[in-house]
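Following: one structure in structure tokens, then a few remarks.
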Amino acid sequence: MDQLLRPLSNPQAADAGARGLLQPTPEDLSSLVGGWSGPRPLRVCSGGTSSRAAAAGQWTLDLRRTMGQVTWNPADQTVSIGGGCRMGEVLEQLYPLGRSVAGGLSGWPGVGYVLTGGMGPFSRELGLAVDQLQAVAGVWGNGEPFVLQRDRDQFTAEWRGLCGAAPFLAVVREVVLATQPLRPLWIRTSTGSPDQLPDQLIAAERSDPSTSLQWSWGGDGSLRLLQVSAHKHSGWQRIDGLHQLPPMTPPSPTSLRLHGEVVGLLGPANCEGWRRLLPDLQAQMQRCPHVGCSLSSQQLGNATAAVPIEATSFVHRDATWKPWITAVWSAGDLEGRRCSLQWLNELWSLLEPLCPGVHLAQLHDHLPFHQKELDLAFGPWLPGLRQLKARRDPDGTLPGL
Ligand SMILES: Cc1cc2nc3c(=O)[nH]c(=O)nc-3n(C[C@H](O)[C@H](O)[C@H](O)COP(=O)(O)OP(=O)(O)OC[C@H]3O[C@@H](n4cnc5c(N)ncnc54)[C@H](O)[C@@H]3O)c2cc1C
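Be aware that the sequence shown starts at 29, since it is given in my numbering, and climbs by one per residue.
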């Protein structure tokens with residue numbers, strides 16, 4: 029195991045003032061985690077895209093270099109993905125083999141994408157990334173190694189916990205995901221006015237499940253739409269697979285280094301609710317303190333609703349939309365941070381009646397709303413998760429629940 033500082037892709041994590049990055053081999057993992065006596069919690073980095081991949085005064089297990097392998101398993105058409113891989117690397121390695129996985133909107137996130145649920149343009153057709161998991165291997169927070177398989181373990185609390193709440197319980201060294209045949213995709217990017225949003229939502233909810241709408245309402249007042257389909261639509265652009273998906277929003281217009289936080293919400297279909305809320309949303313978006321702030325959303329439903337609530341830690345199986353709020357500020361601007369987080373809280377309060385759930389894709393154990401996020405993410409399953417945590421990570425070596 030060696031220590032070296034390699035930048036994390038999330039600027040806030042990179043600037044956090046962490047003690048350092050540890051790069052354990054898979055063989056080191058059990059003794060390192062089990063024998064940990066340094067500051068808790070230990071942070072874990074796979075893609076390093078979230079703000080808590082590193083934290084002030086804490087150590088991060090950086091899996092990017094030592095657990096970055098992608099292995100195609102032709103016998104059962106699955107792919108084994110090291111705990112430190114980016115999803116874009118997985119898609120790129122599967123591309124020449126004519127296969128794909130249920131990836132998200134960007135290739136940058138790592139295995140944290142899978143472990144926190146994993147929503148993508150084909151969630152309505154395939155389900156979430158956790159619904160594609162065939163096996164998970166790693167060490168629990170107490171250092172004990174494990175290999176769990178869907179066939180054998182899917183009705184255990186451990187399997188359920190790993191499917192959506194793994195960052196609280198374990199360090200995952202490898203996941204095995206089902207793959208699908210690669211197929212050409214058709215995409216349409218457009219811009220519009222936020223007034224059109226409720227009608228866009230209605231049309232998207234009525235569309236074929238192999239089509240999805242993602243949208244982003246920027247701090248500049250613009251609405252960007254990205255539609256993705258597995259079927260040919262005239263006038264839409266053909267791409268070879270998810271690895272060629274364009275970014276939904278352009279890079280930030282400012283050259284300043286930005287820090288930020290993202291909160292993911294979940295709500296059922298309710299176009300009329302969105303229509304009624306629109307004036308308040310418009311007023312709140314006009315108040316956003318930085319042009320890089322935004323409200324965006326991904327579409328769920330169909331296959332994501334077909335999985336029983338008890339099967340995974342993703343309990344909001346009725347969700348049709350996953351809006352996420354991005355609040356940013358210039359690095360080091362404490363007043364900007366305060367204003368941006370206040371704006372995020374206000375927007376969240378407005379949206380809460382429509383989107384009562386949380387998608388806990390980013391940890392916020394440094395922010396006052398962490399407990400609220402845990403309650404809204406896991407609902408009635410939270411006590412069960414806490415019991416699991418008490419068994420598998422009794423010393424709180426990993427982030428707290
Ligand atoms: C540009 C971008 C696009 C995104 N698009 C989507 C999308 O389309 N759909 C979607 O669902 N989400 C999306 N996300 C959210 C993203 O999937 C989550 O934030 C995810 O947690 C990031 O994973 P990571 O490995 O990159 O992050 P990291 O910061 O490395 O880790 C995130 C969390 O996961 C934990 N973790 C990571 N790896 C492991 C491991 N091997 N073992 C145990 N815990 C681990 C970490 O402890 C940390 O708490 C997007 C994020 C970004 C930045």
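Even glycine gets a Cβ: it sits at the ideal position worked out from N, Cα and C.
Contact check, Ser74 vs Val139, beta carbons under 9 Å: With a cutoff of 9 Å on beta-carbon distance, Ser74 and Val139 are scored as near each other.
Selection from Thr340, Tyr141, Val61 and Gly112 that minimises the alpha carbon distance to Phe183: For the set Thr340, Tyr141, Val61 and Gly112, the Cα lying nearest the Cα of Phe183 is the one of Thr340.
Cβ neighbour criterion (16 or more within 10 Å) applied to Pro195: Residue environment analysis places Pro195 among the buried positions, since at least 16 neighbouring C-beta atoms fall within 10 angstroms of its C-beta.
Beta bridge counterpart(s) of Arg114 as assigned by DSSP: Gly138, per the DSSP bridge assignment.
Spatial neighbours of Arg178 in its chain, beta-carbon cut-off 8 Å, leaving aside the 5 residues before and after: A distance below 8 Å between beta-carbons, with the five flanking residues on each side excluded, links Arg178 to the following residues of its chain, in chain order: Leu161, Gln162, Ala163 and Trp187.
Element boundaries [alpha helix (DSSP H), containing Cys367]: Cys367 -> alpha helix (DSSP H) spans Leu362 to Leu379.
Asn38 Cβ short of 8 Å to ligand 1 heavy atom set: Yes, Cβ of Asn38 sits closer than 8 Å to a heavy atom of ligand 1.
For Val129, the residue or residues it bridges with in DSSP: Residue pairing by DSSP places Val129 opposite no residue, since no beta bridge is assigned to it.
Simplified DSSP assignment, three categories, for Ser322: Residue state, collapsed to three classes: strand.
Rounded distance between the beta-carbons of Thr53 and Arg71, thought under 8 Å: Their Cβ separation, rounded to whole angstroms, is 18 Å, which puts Arg71 and Thr53 out of contact at 8 Å.
Proximity test, Gly62 beta-carbon vs ligand 1 heavy atom, cut-off 8 Å: False, no ligand heavy atom lies under 8 Å from that Cβ.
For Thr53, three-class secondary structure by DSSP: Coil.
Closest residue to Glu289 among Leu190, Gly364 and Ile215 (Cα-Cα distance): When each option's Cα is compared against that of Glu289, the closest is Gly364.
Residue closest to Ser240, alpha-carbon to alpha-carbon, out of Ala333, Gln415, Thr348 and Ser368: Measuring C-alpha to C-alpha distances from Ser240 to each of Ala333, Gln415, Thr348 and Ser368 identifies Thr348 as the nearest.
Closest residue to Trp409 among Arg366, Trp371 and Pro336 (Cα-Cα distance): Ranking the options by Cα distance to Trp409, first place goes to Pro336.
Rounded separation between Leu210 and Gln121 - CA only: Straight-line Cα distance between these residues: approximately 12 Å.
Distance cut-off 8 Å: Pro351 Cβ against heavy atoms of ligand 1: Proximity of the beta carbon of Pro351 to ligand 1 is not indicated: no heavy atom of the ligand is located closer than 8 Å.
Residues near Asn101 by beta carbon distance below 8 Å, same chain, minus five either side: The residues are Val107, Ser108 and Val204.
Cβ-heavy atom distance, Ala157 to ligand 1, below 8 Å: Ala157 Cβ: within cutoff of ligand 1.
Distance cut-off 8 Å: Val335 Cβ against heavy atoms of ligand 1: No; taking the cut-off as 8 Å, the Cβ of Val335 has no heavy atom of ligand 1 nearer than that.
Backbone CA spacing between Arg366 and Glu374 [nearest angstrom]: Near 12 Å, if we compare the C-alpha coordinates of Glu374 and Arg366.
Start and end residues, beta strand (DSSP E) containing Phe174: Secondary structure note for Phe174: its beta strand (DSSP E) is the uninterrupted segment Pro173 to Gln177.
Thr77 beta carbon near ligand 1 (any heavy atom closer than 8 Å): Yes, the Cβ of Thr77 comes within 8 Å of a heavy atom of ligand 1.
Endpoints, alpha helix (DSSP H) assigned at Gly412: Segment Leu410 to Arg420, the alpha helix (DSSP H) holding Gly412.
Collapsed DSSP secondary structure at Arg47 in the structure displayed: For Arg47, the three-state secondary structure derived from DSSP is coil.
From Met276, Asp159, Pro237 and Asp236, residue whose alpha carbon lies closest to that of Arg216: Looking at the Cα atoms, Met276 is the closest of the given residues.
C-beta atoms of Leu254 and Trp302 nearer than 9 Å: With respect to the 9 Å criterion, Leu254 and Trp302 are not classified as neighbours on the basis of their beta carbons.
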